[in-house]
Structure formats: C-alpha cells, structure tokens
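Reviewing the structure listed below.
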Amino acid sequence: MSENTAIAEGYAKAWMARDLDAAMAYVAADVVLEAPAGRFEGADAYRGFLERFLGLMTSAEITAVYGGEDGAAVHYVTATHPVPVSRGSDRLLIRDGLIREVVTIFDRLPFDQVKRAAGRD
Numbered sequence: 004m005s006e007n008t009a010i011a012e013g014y015a016k017a018w019m020a021r022d023l024d025a026a027m028a029y030v031a032a033d034v035v036l037e038a039p040a041g042r043f044e045g046a047d048a049y050r051g052f053l054e055r056f057l058g059l060m061t062s063a064e065i066t067a068v069y070g071g072e073d074g075a076a077v078h079y080v081t082a083t084h085p086v087p088v089s090r091g092s093d094r095l096l097i098r099d100g101l102i103r104e105v106v107t108i109f110d111r112l113p114f115d116q117v118k119r120a121a122g123r124d
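Residue numbers (our numbering): 4 to 124.
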C-alpha cells in the first residue's frame, strides 16, 4: 500500500467511525473542499462540513481506495437519514503527508427527490 493510499484509507475510516479529531489529523490547515454543497476553505470550514454530514449519516463503508503520486481516491457507500444508499467518491490531493484538497462527488438525485417529496424544493 502506498503512503497516499494509507493516508486516504486512514482518513476515510476515521470520519466513517465519527472520529473527527482523528480524521482532521490527516487534513492540512488550508484544506479546500469542492463538493456539491459548495466550496469550503480551511480546516474549520471543512470540519463543519463533516459535522453536518455525519449528523445525517447512519453508516458508511469503503468500497475502494486508489493511490497515486499526488494523492488518492476513496470510493464509498453511505446511508443517511434521508437516503438509505448513496455512493460517493473523494479525490484527495496529498502533499507532505497531509490532505490539501478534497473533491467530493456523489449522486444528488436521491437527495433532491426526498426534498421534493417533502415539499422543500
């Protein structure tokens, strides 16, 4: 397992276990997150994003981790209160042993359908 793969897997396992302190130990102070919910800059903003997501999450499982020279990708399945199955991926840019950038991709359609059904377009 490459160093970047180990960092990505350790980070993902930490947030999936709801251990934010352990997850944030992998993250640089100036981390940038690009997600369907928007752009978040800095460790405090990123931690806030994770806290909100973990408030919805009921379970999570890693399905694959791939590492490369500049970073890694983590694929996973989560269950949340509104959506029972959601597949997602995080592309992580890693430098000097810390996650510097995260690009999160997941299918928003099931979440939008739940909002529409509840009358919250």
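The beta carbon of each residue, even a glycine, is placed where N, CA and C say it ideally should be.
Tell me which same chain residues have a C-beta within less than 6 Å of the C-beta of residue i, skipping the five on either side of it?
{"i": "R21", "result": "L57"}
{"i": "R90", "result": "V80"}
{"i": "S62", "result": "A82"}
{"i": "I97", "result": "N7, I10, G74"}
{"i": "E104", "result": "V35, L96"}
Given this structure, state the Cα-to-Cα distance separating residue i from residue j, to the nearest angstrom.
{"i": "V80", "j": "M60", "result": "11 Å"}
{"i": "D93", "j": "A121", "result": "29 Å"}
{"i": "V1", "j": "E54", "result": "Any question about residue 1 goes unanswered here, given that the chain covers just 4 to 124."}
{"i": "V77", "j": "A67", "result": "6 Å"}
{"i": "L112", "j": "M4", "result": "34 Å"}
{"i": "G13", "j": "G70", "result": "13 Å"}
{"i": "I108", "j": "M19", "result": "16 Å"}
Considering only residues of the same chain and omitting the five flanking positions on each side of residue i, which have a CB-CB separation below 8 Å?
{"i": "A46", "result": "M27, V30, A31, A32, D33, V34"}
Based on Cα-Cα distance, which residue from the options lies nearest to residue i?
{"i": "V106", "options": "P87, I10, L95, G74", "result": "L95"}
{"i": "Y49", "options": "R123, I102, D115", "result": "I102"}
For a quick check, are the C-beta atoms of residue i and residue j less than 7 Å apart?
{"i": "G100", "j": "N7", "result": "no"}
{"i": "A15", "j": "A25", "result": "no"}
In its own chain, which residues sit with a C-beta less than 7 Å from the C-beta of residue i, not counting the 5 before and 5 after it?
{"i": "E44", "result": "V35"}
Kindly provide the ranges of any alpha helix (DSSP H) runs that are 4 or more residues long and lie completely inside the segment 25 to 64, ordered along the chain.
Inside the segment 25 to 64, DSSP marks whole alpha helix (DSSP H) runs of 4 or more residues at positions 46 to 59, from first to last along the chain.
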